[in-house]
Every structure is written in C-alpha cells, then in structure tokens.
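Undergrad: To start, I am sharing the structure in question, which I have written as structure tokens.
In my numbering, the protein residues as written are -15 to 88.
Structure representation (structure tokens):
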C-alpha cells in the first residue's frame, strides 16, 4: 500500500501546492487523510499514520514525500510536529484585482 501511495504522489505533475482535484485523484486513504487535514487545519503524525493505515515508518515516508512535493507543511508545536495542507491558489485568484473592483 505504501508503494502505491508513493507512486501516486510521484505521478502527479503538481509541485508546490495541492489542488482539491489533485487530492481527490489520489488513493482513498491518502485522499481521506488530506481532506481531514484540510477540515481540521492540522493533524499530528500519529493521526496521519492511523488514517493512512500504515505503521509509523511507512507513514513517515509518505508524509516526508508529501512535504518534499510541497503539498503539506510540517509545523513544530509543543507536542511535536503537526502537518497542514498547502493548497494551490485558484487560477485568477488575485487579491489586488478584488481590491480594485471594490474601490471602483
């Protein structure tokens, strides 16, 4: 299962941030974990491993690969590392454009 997840991560052409559509195309345990991470804001490593159905070593490999691709960010907290999804901006999502439109 871990190899299937790593292969799916490597096969996606997106680097730097994750799109919701891209997340939906990943294997179900991985997609579900990322969706939960989006809903809750952050997950710790143990929560991620449980959702992936992997032991700590394999789960850490998957988290490390997601982090290398820029899809998730590891943040240091008092209780240890927590992971959050780094979502891609929608094309055309320009805050300056919205500001200009509101001013006019």
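Ideal Cβ placement from N, Cα and C applies to all residues, glycine included.
Please confirm whether residue 47 and residue 67 have their CB atoms less than 9 Å apart.
TA: For the purposes of this step, residue 47 is taken as the residue at position 63 of the chain shown. For the purposes of this step, residue 67 is taken as the residue at position 83 of the chain shown. Closer than 9 Å, so yes.
Undergrad: Suppose the cutoff is 8 Å on Cβ atoms and the five residues either side in sequence are ignored; what does the same chain contact list for residue -10 look like?
TA: Locating residue -10 in the chain shown gives position 6, where the first residue counts as 1. So the qualifying residues of the chain are 45, 46 and 49.
Undergrad: Where do the ends of the beta strand (DSSP E) carrying residue 66 lie?
TA: As a first step, residue 66 must be located in the chain shown, where it is residue number 82. Counting along the chain, the beta strand (DSSP E) containing residue 66 begins and ends at 64 to 69.
Undergrad: As a quick exercise: from -12, 59 and -15, pick the residue whose alpha carbon is nearest that of residue 26.
TA: Numbered from 1 along the chain shown, position 42 holds the residue referred to as residue 26. Nearest option by C-alpha distance: 59.
Undergrad: Out of 28, 55 and 51, which has the shortest C-alpha to C-alpha gap to residue 65?
TA: Looking up residue 65 in the chain shown gives position 81. Comparing Cα positions, the closest option is 28.
Undergrad: Identify whether residue -6 lies in helix, strand or coil by the three-state DSSP scheme.
TA: Within the chain shown, numbered from 1, the residue matching residue -6 stands at position 10. In this structure, residue -6 counts as helix in the three-state DSSP scheme.
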